[in-house]
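I have placed the structure first, in the form of structure tokens, so that the comments after it can refer back to it.
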Amino acid sequence: PMLKYLSDCRLTEEVLKQLMDGQKICDQVNVHFSDEQLRKLRLLAGFNDIIIQDALTAYIILTLNIHCYLNEDSRYILRTTTFVNIRGVSAFDRSSWSCC
1306 PMLKYLSDCR LTEEVLKQLM DGQKICDQVN VHFSDEQLRK LRLLAGFNDI IIQDALTAYI
1366 ILTLNIHCYL NEDSRYILRT TTFVNIRGVS AFDRSSWSCC
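Here the sequence shown is numbered in the working numbering, starting from 1306 and rising by one per residue.
Have a look at this one:
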């Protein structure tokens, strides 16, 4: 999916250049959590108004930034782009799951 800030009323060449420039300074991170782990993470945040996505994003950024700090790596996370449920599958929608 194309993010709105990349495609909003601009020439295709400009959008593609920004995308390619971003790829040079960004690393993709793929992490998987169970329903139970996500619920526990939200509870550990300690606030009722924190949603799971906010708790998860904060946890990932904090964990990776601590790793960078301890290893004297200057590549701290300064910005994040998050795609949630891009395939339209909900963890709570068991009918979409297949079993082997």
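Think of the CB as a built atom: it goes at the ideal place given N, C-alpha and C, for glycine as much as any other residue.
In this text the structure is predicted, and so the values were computed from the model without any measurement.
If you draw a straight line from the alpha carbon of residue i to that of residue j, how long is it in whole angstroms?
{"i": "L1348", "j": "F1338", "result": "15 Å"}
{"i": "I1355", "j": "Q1333", "result": "25 Å"}
{"i": "L1367", "j": "E1377", "result": "15 Å"}
{"i": "L1321", "j": "I1330", "result": "15 Å"}
{"i": "F1352", "j": "Q1328", "result": "35 Å"}
{"i": "E1318", "j": "I1371", "result": "37 Å"}
{"i": "C1314", "j": "D1326", "result": "19 Å"}
Over the uninterrupted alpha helix (DSSP H) stretch that includes residue i, give me the two end residues.
{"i": "D1378", "result": "It is not in any alpha helix (DSSP H) - D1378 carries neither H nor E in the DSSP assignment."}
{"i": "I1355", "result": "Careful: I1355 lies outside any alpha helix (DSSP H) and carries neither H nor E."}
{"i": "T1317", "result": "1317-1330"}
Would you check if the distance between the CB atom of residue i and the CB atom of residue j is smaller than 7 Å?
{"i": "L1369", "j": "I1357", "result": "no"}
{"i": "R1380", "j": "C1373", "result": "yes"}
{"i": "L1346", "j": "Y1364", "result": "yes"}
Identify which residue in the options has its Cα closest to the Cα of residue i.
{"i": "A1360", "options": "V1336, R1344, T1386, M1325", "result": "R1344"}
{"i": "N1335", "options": "D1326, T1362, L1324", "result": "T1362"}
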